[in-house]
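Per our numbering, the very first residue in the sequence shown carries number 8; after that it's consecutive.
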Amino acid sequence: MSDSNNHTDDFTDNDDPLQLKDLAVDFDYLMFKIKDHISGLAELTHKSVTTKKHLIEEDYFKQQLQLDSQLDDADSMLKECSELEMLFMKLGQLQTFVEDFKTRLSKLETHFVPGN
8 MSDSNNHTDD FTDNDDPLQL KDLAVDFDYL MFKIKDHISG LAELTHKSVT TKKHLIEEDY
68 FKQQLQLDSQ LDDADSMLKE CSELEMLFMK LGQLQTFVED FKTRLSKLET HFVPGN
């Protein structure tokens, strides 16, 4: 049997002197490894994009929640500003009354105080 195996090996070497069969097997293995590597990269890329998308959406929702809070704060500040404006208007009116009162008092002093 060993004679027939040697004969077969010699026949195979003579049948494929450029070792194209070995080259084809190596090429197929290389293509398999490239496909496997690309598949791994595609999976990693998909996972990365999905994670990034999730983070962006989560951040967007957080910002929306903060936006509502910020709008509430702005409304509160506008209300306070309106109240302050009203108080300043009241102070302005009070100042007008005081000035008018001083003018009237001065006229009364001039008219009723002897020696003026």
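Built from N, CA and C at the ideal position, the CB exists for glycine as well. Keep in mind the model is a prediction, meaning the values are calculated, not measured.
The three-state reading of DSSP puts glutamine 26 in coil, since its state is none of H, G, I, E or B.
Taking the CA atoms as reference points, aspartate 82 sits about 40 angstroms from serine 55. Shown here, valine 120 sits in coil according to DSSP, grouped into three states, outside any helix or strand. When rounded, the separation of the alpha-carbon atoms in aspartate 29 and alanine 49 is 30 angstroms. In this structure, the straight-line span from the alpha carbon of leucine 51 to that of glutamine 73 is close to 33 angstroms.
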